[in-house]
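One structure is given here, and the rest of the page talks about it.
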């Protein structure tokens, strides 16, 4: 029983030694591969750190973390070799086990000798009874019995010694092998805990890098869009201002030659004023109310009246083109308030048989409706204007839709193509 137990334990120890030896060899090869990967990542991260992307920092942290993990693995392999592999291997080929097994082997041999000698003694005893007892037969019987007694004494002593040795070896095998397995588990547990902590830290750092880079990219995108919008608005404002200046100069030249009608001059100046105010506000409130337009128009009119006091020559320079524009607007508004002759003339004007209070106008600037009650216009459309408010807005109908729109965006026409005229209800 003891022999079988120690033999099975010895086989288990041999399996443990083989497994740990293979694990150490394979892990050493894996360490070489991972260390090479970590070195390459650290090299890339150090070289391309200033590119502004998170990959370089992430690769550097990845390589550093894996180098630390491989150091932990090296510590694990050292513990497995020193505290598991070598001690168990020494137990397998050690003297205590071999001595105990040798004692057991001797005990078995002596036991066989005792059995054989016992049979010899029984044979001689039977022979002595069958024949006449002689001195020779009696001597041989006594010698056989004496030898049997010696063998039994030796067998008993050797049995006790072998049993004690086998029990000691069995206890040593069981206790030491269990302790070495526990040491192996403790080493692996510490290794995996350290690796898990390193990976958690690495994961948090890389996620933070990703979030920071996303925030930076979003801020850069917003700033780029704002800069593009600002440049577009400035360029559009400059183009509108230049166009208004050119139109005003042409209008003033035409006034000297009496070739431009007052209504055309009014539409040009009002368009420049309205476009300038809208671009300067930056389109911050897309759903402005009509009261806001009234305040803007009145402010522009007041500034125009102040500018008109000291500037009567509109052709002096382009430096005063804004004051000229606003002066023209004020003059046209004053003409409407003081004298309704133009309104009467437009009211008496007949357009293809429509209501005499209405008149037809052509869209010269496109307009996108931003609030309820406003009417979208496209360049080239014809609008039936039903009323003109003093705040710079008009109400009319175009393409079977009615609403308000800036008066400066349309020009009065004497007649319109029959296909463009829309019947009002």
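Residue numbers (the working numbering): 106 to 530. All C-beta atoms in this analysis are idealised placements derived from N, C-alpha and C, irrespective of residue type, glycine included.
key: DSSP beta-bridge partners of residue 517   = DSSP lists 466 as partners of residue 517.
key: Inter-residue Cα distance where the pair is residue 114 and residue 290   = Residue 114 and residue 290: Cα-Cα distance of roughly 19 Å.
query = First and last residue of the beta strand (DSSP E) that includes residue 499?
reply = 498-503 is the extent of the beta strand (DSSP E) around residue 499.
message = Can you confirm whether the segment 156-172 touches the segment 259-276 when touching is taken to mean that 3 or more C-beta pairs between the two stretches lie within less than 8 Å?
response = Contact annotation: the segment 259-276 does not touch the segment 156-172, with fewer than three C-beta pairs closer than 8 Å.
query = If we count the other Cβ atoms within 10 Å of its Cβ and call it buried at 16 or more, is residue 511 buried or exposed?
reply = Residue environment: residue 511 is assigned as buried (16 or more neighbouring CB atoms within 10 Å of its CB, all protein chains considered).
Collapsed DSSP secondary structure at residue 494 in the structure displayed = Looking at residue 494 - three-state DSSP - the assignment turns out to be coil, as it is neither helix nor strand.
request  = Give the DSSP-derived three-state secondary structure of residue 158 in the structure shown.
outcome  = Correct three-state label for residue 158: coil.
message = Our contact map puts residue 222 next to residue 263 with C-beta atoms below 8 Å; I'd like the distance itself, whole angstroms only.
response = The beta carbons of residue 222 and residue 263 sit about 15 Å from each other, so the pair does not count as a contact at 8 Å.
query = Hey, quick one: how far does the alpha helix (DSSP H) through residue 195 stretch, first residue to last?
reply = Looking at the DSSP string, the run of the alpha helix (DSSP H) that includes residue 195 is 191-197.
ask   = In three-state DSSP terms, what is residue 480?
value = Residue 480: coil per DSSP, three-state reduction.
message = With the cut-off set at 8 Å, would you say residue 226 and residue 249 are in Cβ contact?
response = Yes.
request  = Under 8 Å Cβ to Cβ from residue 484, same chain only, skipping five residues before and after it: list those, please.
outcome  = Closer than 8 Å at Cβ, skipping near neighbours: 468, 469, 470 and 471.
message = Once DSSP output is grouped into helix, strand and coil, what is the label at residue 102?
response = Any answer about residue 102 is impossible in this case: the structure gives the chain only from 106 up to 530.
key: Straight-line gap, residue 175 to residue 127 (C-alpha atoms, nearest Å)   = Those two C-alpha atoms are separated by around 18 Å.
query = To the nearest whole angstrom, what separates the beta carbons of residue 296 and residue 144, a pair I think is in contact under 8 Å?
reply = 21 Å between Cβ atoms; not a contact.
Three-state class that DSSP yields for residue 153 in the structure shown = Residue state, collapsed to three classes: coil.
task = Using beta-carbon positions only, say whether residue 274 and residue 205 come within less than 8 Å of one another.
result = Closer than 8 Å, so yes.
task = Return the chain-ordered list of same chain residues with a C-beta closer than 6 Å to the C-beta of residue 182, the five sequence neighbours on each side being excluded.
result = Same-chain partners within the cutoff: 129 and 132.
key: Distance between beta carbons of residue 122 and residue 56, contact taken as under 8 Å   = Absent from the model: residue 56. The displayed extent of the chain is 106 to 530, so no value can be given.
query = Roughly how many angstroms separate the alpha carbons of residue 465 and residue 476, rounded to a whole number?
reply = Their backbone Cα atoms lie some 24 Å apart in a straight line.
ask   = How should residue 301 be labelled, buried or exposed, when 16 other C-beta atoms within 10 angstroms of its C-beta is the threshold for buried?
value = When all chains shown are included, residue 301 counts as exposed.
message = Given a cut-off of 8 Å on the beta-carbon distance, is the pair residue 118 and residue 184 in contact?
response = At a Cβ-Cβ threshold of 8 Å, residue 118 and residue 184 do not count as neighbours.
query = Should residue 285 go down as buried or exposed, given a rule of 16 or more other Cβ atoms within 10 Å for buried?
reply = By the neighbour-count definition (other C-beta atoms within 10 Å, threshold 16), residue 285 is a buried residue.
task = Note down the Cα distance separating residue 480 from residue 463, rounded to an integer number of angstroms.
result = About 17 Å.
task = Please list, in chain order, all residues of the same chain as residue 111 whose beta carbon is under 8 Å from its beta carbon, the five residues on each side excluded.
result = Within the same chain, residue 111 has close Cβ partners 202, 205, 206, 271, 274, 275 and 278.
key: Chain-order list of residues whose beta-carbon lies under 6 Å from that of residue 167 (same chain, five-residue window excluded)   = Within its own chain, the residues whose Cβ lies closer than 6 Å to the Cβ of residue 167, once the five positions on either side in sequence are excluded, are 146, listed in chain order.
message = To the nearest angstrom, how far is the alpha carbon of residue 505 from that of residue 315?
response = For residue 505 and residue 315, the distance between alpha carbons rounds to 54 Å.
query = How should residue 210 be labelled, buried or exposed, when 16 other C-beta atoms within 10 angstroms of its C-beta is the threshold for buried?
reply = Residue 210 should be labelled exposed.
ask   = Is residue 188 close to chain B, meaning its C-beta is less than 8 Å from at least one C-beta of that chain?
value = In the structure shown, chain B does not exist; there is a single protein chain.
Selected residue, minimal CA-CA separation from residue 509, among 519, 165, 489 and 517 = Minimum Cα distance to residue 509 is reached at 489.
ask   = With distances taken from CA atoms, which of 234, 259, 517 and 229 is nearest residue 247?
value = From the listed residues 234, 259, 517 and 229, the smallest Cα separation to residue 247 is found for 229.
ask   = When you compare each of 259, 192, 212 and 486 to residue 518 by their alpha carbons, which one comes out closest?
value = Sorting 259, 192, 212 and 486 by C-alpha distance to the C-alpha of residue 518 places 486 at the top.
ask   = What number of angstroms, rounded off, separates the C-alpha of residue 313 from the C-alpha of residue 165?
value = Approximately 15 Å between the Cα atoms of the pair.
message = Considering only the alpha carbon of each residue, which of 288, 173 and 255 lies closest to residue 306?
response = Looking at the Cα atoms, 173 is the closest of the given residues.
Contacts around residue 303, its chain only, beta-carbon distance under 7 Å, and the 5 residues preceding and following it disregarded = Around residue 303: 170, 173 and 174.
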